[in-house]
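Participant: Here the sequence shown is numbered in the numbering used here, starting from 348 and rising by one per residue.
No residue lacks a Cβ here, since even glycine has one placed at the ideal position from N, Cα and C.
Below is a structure I'd like to ask you about.
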Amino acid sequence: METINDNIEVAEVKKPFDIQWAIDFVKGHKNPVDYRYMVGDSAQVIFFGESDHSSSSEKNELRDNLQQLKDLGITHLALERFDSNVQPFVDNFLKEKERGVARIRLGTKLALSNWEKTTLKEYLQLLDEAKRIGLGLLAIDKPFDKSLQDSGYSKSDAGIIERNEYWSDVLVDFFKKNPNTKVAIVCGAGHCGYTLPIQSCNRLLESRGIPTIVINFIGVTNVPFIDWFENILYEDSPMEKPQENMGNYQRLFGRASYDAGFSKEGFMLDLRSLQNERPADFFIHLPQIEAHPTMKLLLED
Numbered sequence: 348m349e350t351i352n353d354n355i356e357v358a359e360v361k362k363p364f365d366i367q368w369a370i371d372f373v374k375g376h377k378n379p380v381d382y383r384y385m386v387g388d389s390a391q392v393i394f395f396g397e398s399d400h401s402s403s404s405e406k407n408e409l410r411d412n413l414q415q416l417k418d419l420g421i422t423h424l425a426l427e428r429f430d431s432n433v434q435p436f437v438d439n440f441l442k443e444k445e446r447g448v449a450r451i452r453l454g455t456k457l458a459l460s461n462w463e464k465t466t467l468k469e470y471l472q473l474l475d476e477a478k479r480i481g482l483g484l485l486a487i488d489k490p491f492d493k494s495l496q497d498s499g500y501s502k503s504d505a506g507i508i509e510r511n512e513y514w515s516d517v518l519v520d521f522f523k524k525n526p527n528t529k530v531a532i533v534c535g536a537g538h539c540g541y542t543l544p545i546q547s548c549n550r551l552l553e554s555r556g557i558p559t560i561v562i563n564f565i566g567v568t569n570v571p572f573i574d575w576f577e578n579i580l581y582e583d584s585p586m587e588k589p590q591e592n593m594g595n596y597q598r599l600f601g602r603a604s605y606d607a608g609f610s611k612e613g614f615m616l617d618l619r620s621l622q623n624e625r626p627a628d629f630f631i632h633l634p635q636i637e638a639h640p641t642m643k644l645l646l647e648d
């Protein structure tokens, strides 16, 4: 396997991406997950884009490989919704020798800052592991404003761009003071990539001279369950059902992996051969579980 810096043979891209094209791509590019290959040496920021904040699988995958990431040069971990005003709580958490009040306060602060409630435990376990192995923790997100959340602004294109710019400012300032550091960011895939309809955080950082790598997750939720649930959700609804096309690569490649018979496997896809059409530099496919964890709650008595 070539290294991160080798020239990549350019793949022929079919527009719009169709499912058979994606199946063929998965079959031809599937390899065992190799963090050394993906992270390389050149990037100062490595984005790990979650397909779903409420999935435990992605947090657990990173937790289990955090030591390897540290060995590859990662010095700090940052998480989406880790509001910058939470940094004092983070610092106290890192100083605390045993689990105690500082961890409880941090967890409470995160929960009150609109943290993803269904996987707060997994996020905290990720922070516990980062602390255990000696990684720094950075609070980079724009402070949470409930009024903006309630109005829908936070999830609008303008709101997301504003947060991306805030992250970029915080990181640029951090690297000026700490030039020999390397940060891994865990965030939604809607903040990082090359084909998003908005200015992504990685693009903003690249424009300011900070090299990045984008590694997004696919898989996780079982494709038949998605189909079944969306048929219920969108029946007689004015909402438009999500389409598996250029605008939703993770869905497209998740389905392609299922249709190709790889739904239970963990593997990586090197997307750099797609050049300007690549949604990310790499996809990590995680084994698809039976049902979306949040949606499953709705079906339980």
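DSSP three-state call for P634: helix, strand or coil?
Facilitator: Three-state result, P634: strand.
Participant: At which residue ranges does the stretch 473-537 contain complete beta strand (DSSP E) runs of 3 or more residues, listed in the order of the chain?
Facilitator: Those beta strand (DSSP E) runs which fall completely within the stretch 473-537 and span 3+ residues are 483-485, 530-535.
Participant: Could you tell me which residues DSSP pairs with L459 in its beta bridges?
Facilitator: DSSP lists no partner for L459.
Participant: Would you please state the rounded distance, in angstroms, between the beta carbons of N511 and Q546? I believe it to be under 8 Å.
Facilitator: About 6 Å separates the two Cβ atoms, so the contact holds.
Participant: Does the beta-carbon of D628 have 16 or more other beta-carbons within 10 angstroms, so that it is buried, or is it exposed?
Facilitator: D628 comes out buried.
Participant: Would you grab the beta carbon distance between L484 and L474 for me? Rounded to a whole angstrom, and I think it's under 8 Å.
Facilitator: About 6 Å separates the two Cβ atoms, so the contact holds.
Participant: Of the residues T542, L616, Q367, which one's Cα is nearest the Cα of E624?
Facilitator: Measuring from the Cα of E624, the nearest candidate turns out to be T542.
Participant: From R598 to N549, what does the alpha carbon distance come to, in whole angstroms?
Facilitator: In a straight line, the C-alpha of R598 is about 21 Å away from that of N549.
Participant: Near L618, which residues of its chain fall below 7 Å by C-beta distance, leaving aside the five closest residues on each side in sequence?
Facilitator: So the list reads R625, P626, A627, D628, F629, F630, once near-sequence residues are dropped.
Participant: Can you name the residues that DSSP bridges to D617?
Facilitator: DSSP, once it has assigned bridges, lists F629 as partnering D617.
Participant: Just the Cα atoms here: how many angstroms apart are A449 and E553?
Facilitator: Taking the straight line joining both Cα atoms gives about 35 Å.
Participant: Would you mind working out which of F522, D411, L518, K489 sits nearest I507, comparing C-alpha positions?
Facilitator: The candidate whose alpha carbon is nearest that of I507 is K489.
Participant: Mapping the DSSP letters down to three states, classify K417 as helix, strand or coil.
Facilitator: DSSP places K417 in helix when its eight states are reduced to three.
Participant: Could you check if R602 is buried or exposed, using at least 16 other CB atoms within 10 Å of its CB as the buried criterion?
Facilitator: Result: buried.
Participant: Please identify the residue among D381, Y384, I393 whose C-alpha is closest to the C-alpha of G540.
Facilitator: Cα-wise, what sits closest to G540 is I393.
Participant: Exposed or buried, I451, counting other C-beta atoms within 10 Å across all chains shown (16 or more means buried)?
Facilitator: Exposed, by the Cβ-count rule.
Participant: On the three-state DSSP scale, how would you describe I545?
Facilitator: The answer is coil: DSSP assigns I545 none of H, G, I, E or B.
Participant: Using beta-carbon positions only, say whether Q414 and I487 come within less than 8 Å of one another.
Facilitator: Against a cut-off of 8 Å, the Cβ pair of I487 and Q414 comes out as no contact.
Participant: When you compare the CB positions of F436 and L453, do they come within less than 8 Å of one another, or not?
Facilitator: Yes.
Participant: Take S501 and list the residues in its own chain whose beta-carbon comes closer than 7 Å to its own, dropping the five residues that flank it on each side.
Facilitator: Once the five neighbours on either side are set aside, the close Cβ partners of S501 are L495.
Participant: Among D438, D520, L426, D430, which residue has its Cα nearest to the Cα of K493?
Facilitator: Comparing Cα-Cα distances from K493 to each of D438, D520, L426, D430, the minimum goes to D430.
Participant: Counting C-beta neighbours from all protein chains within 10 Å, is the total for S503 16 or more, i.e. buried, or is it exposed?
Facilitator: Result: exposed.
Participant: Beta-carbon within less than 6 Å of V561's beta-carbon, same chain only, minus the 5 sequence neighbours each way: which residues are those?
Facilitator: These residues qualify, in order along the chain: F394, C539, G540, N549, A627, D628.
Participant: How would you label A505, buried or exposed, when you count the other beta carbons within 10 angstroms and need 16 or more for buried?
Facilitator: Result: exposed.
Participant: Keeping to the same chain, check which residues put their C-beta closer than 8 Å to that of I557; ignore five residues upstream and five downstream.
Facilitator: Result list for I557: Q391, V392, L518, V519, F522, in chain order.
Participant: Counting only the same chain and skipping the five closest in sequence on each side, list residues whose C-beta sits under 6 Å from that of S402.
Facilitator: Correct list, in chain order: V567.
Participant: So which of M615, H632, T528 has the shortest CA-CA distance to Y384?
Facilitator: Here the closest residue by C-alpha is M615.
Participant: Taking 6 Å as the limit between beta carbons, can you name the residues of its chain near G396, skipping five residues before and five after?
Facilitator: Around G396: A536, C539, N563.
Participant: Taking the alpha-carbon positions, what's the S398 to L551 distance?
Facilitator: Going by the C-alpha atoms only, they are around 21 Å apart.
Participant: Looking at the secondary structure, which residues open and close the beta strand (DSSP E) in which V392 lies?
Facilitator: First-last of the beta strand (DSSP E) with V392: 392-397.
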